[in-house]
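The opening residue of the sequence shown carries number 7 in my numbering; numbering runs sequentially from there.
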Amino acid sequence: MLNLRNKLATDFCGMQFDTPLVLLSGCVGFGEEYTRVKGFSNRDAGAVCLKGTTLEPRLGNPPHRIAETYLGMLNSIGLQNPGARRVVDEYLPELDFAETRFIANVCGSTIEEYAEVTRIFHDSPIDAIEVNISCPNIKEGGVSFGNYPEMSAQVVSACRNETDKPIITKLSPNQTDIVENARRCIDAGSDALAVINTVTGMAVDLDTREPVIGTNQGGLSGPAIKPVALLRTWQVYQVCRDRNIPIIGQGGITTANDALEFLLAGASAIGVGTALFYDPLVCQKINAGIVQYLDKHGIDSVTDLVGTLNVKT
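This is the structure in structure tokens:
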């Protein structure tokens, strides 16, 4: 076990991760959800991203909120959460910060709300802050902050002004130029990037001739989006590598081979999400598979793999 941990240990924005795996926001509640599963341990992940949190409590979207698709899942939860102050006062004290790192996921409908939620989490034991810029901007008619580099940068800058904790900006794939967005977010003060958020999609009920999801569309996750996420990770890495900006690569990762591909493409950490719903112990398998690959190739540390993809010219 010690040898395994030594090989998997990762420094991410000054945070020491026991493994490069990160449990993704929306997939593990507020950090306690999977602890009820026999055999599960937060120690199998280097960090846990808490559920998306807004300033005030939100009930979320009308049903249906989730629909299974071929090799994936659509969701439109609508950021149901109890509000930032309650999370800090009631949920964080129940977490074991000696077991793993915990990352808050900050959401808002205005730039001011992002800043206020960040301020609340700054005054808490949380280790880092993930900025979810895929939220709709109510002042601009509901367009997503994350689809426009200038608005993304404004959100990051506002959050940066409220904390000195590491900021990880979660990039949307539903935009014209993710590389330019990444560059703008880094310039605005982001310490790291998470690549990618879900891809917009739809499912249809043939009997009712209506969309299955209550809001008509949702975010697609799971193996179906892995090739998209892998390419976006490699593209964003071209901006990040010379500026020492680490990436959490995420999107459809279910096996050690998936994780290894993202590491080669430039990710320093690996986000695991949808796979947890059908295999809560998947991280143990991914960790073991990564170590097996390292041993096979005589590599001492997982960090030695990052960005070593041999690209054809």
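We treat Cβ as the ideally placed atom computed from N, Cα and C, and that holds for glycine. If you're wondering where the values come from, they're calculated on a predicted model, not measured in any experiment.
Contact set for residue i: own chain, Cβ-Cβ below 7 Å, skip 5 residues either direction
i	result
P30	The displayed chain sequence assigns Leu, not Pro, to residue 30. Correct list, in chain order: C55, Q256, G277, V278, G279.
I361	For the chain, the structure presents residues 7 to 319; residue 361 sits outside this window and is missing.
L85	G58, T60, R64, G66, C113
E62	G89
T124	V112, I135, C165, E168, T169
G228	L77, G78, M79, G258, T280
N153	S178, N180, Q181
R238	P179, I184, V201, I202
I296	L14, A262, A265, L266, V308
L236	E267, F268, A271
CB contact below 8 Å: residue i versus chain C
i	result
F36	In summary, chain C is missing from the structure at hand, where a single protein chain is found.
Distance, residue j Cα to residue i Cα
i	j	result
R190	A159	6 Å
M79	V205	10 Å
A121	I184	23 Å
G313	D264	15 Å
R249	T214	52 Å
T221	R71	8 Å
A188	G207	23 Å
M7	H303	Note that M7 scores a pLDDT of 44, beneath 50, so its modelled location is shaky; the value from the coordinates is reported in the next line. When rounded, the distance between both Cα atoms is 19 Å.
V366	N203	With the chain running from 7 to 319 in the structure shown, residue 366 is simply not present.
Q298	T41	26 Å
P99	S130	10 Å
N26	I173	The sequence given here has Pro at residue 26, not Asn. If I take the Cα positions, the gap works out to 17 Å.
C141	L226	15 Å
Q244	S115	31 Å
G37	T319	44 Å
I219	G35	21 Å
A73	S150	22 Å
L101	S47	12 Å
K44	L311	32 Å
T16	H128	23 Å
L266	E186	26 Å
S307	F268	15 Å
G147	I117	14 Å
I305	T75	38 Å
D24	N12	8 Å
I292	V317	25 Å
P68	N87	14 Å
P233	F108	28 Å
M21	Y97	21 Å
I139	A53	20 Å
L300	K145	49 Å
Rounded Cβ spacing between residue i and residue j (contact assumed at less than 8 Å)
i	j	result
C289	A51	6 Å
S82	G224	4 Å
F18	P286	In fact, because the Cβ distance is near 23 Å, the residues do not count as touching under 8 Å.
V137	K176	7 Å
I132	A110	5 Å
N143	M157	6 Å
A294	V28	Actually they are not in contact, since the Cβ atoms of A294 and V28 sit about 17 Å apart, beyond 8 Å.
Nonlocal neighbours in the same chain, by C-beta distance under 8 Å from residue i, ignoring five residues either side
i	result
L315	W240, L270, A271, G272
F283	C33, M79
P6	No answer is possible for residue 6: the residues shown for the chain start at 7 and end at 319.
A200	E136, I174, T175, K176, L177, I253, I254, Q256, G277
R49	D24, E105, T106
V242	L177, I184, V185, A188, L199, V201, I253, G272
Own chain residues within Cβ distance below 6 Å of residue i, not counting five before or after
i	result
G32	K57
A230	L77, G78
E119	L61
T261	none
P155	E186, N187, R190
Bridge partners - residue i, DSSP secondary structure assignment
i	result
N143	V149
I276	L27, G255
Q22	D17
N293	Answer by DSSP bridge pairing: none, since N293 is not bridged.
P217	V210
I184	Looking at the DSSP assignment, I184 forms no beta bridge with any residue, so it has no partner.
T75	G78
A200	K176, I254
L62	The sequence as given places Glu at residue 62; Leu does not occur at that position. In the DSSP output, where bridge partners are listed per residue, E62 has none listed.
F108	V54
L226	L80, V205
A262	According to DSSP, A262 bridges with nothing at all.
E136	N111, I174
When the Cβ atoms of the region 165-181 are set against those of the region 192-203, are three or more pairs found closer than 8 Å?
-> In this structure the region 165-181 touches the region 192-203; the number of beta carbon pairs closer than 8 Å is three or more.
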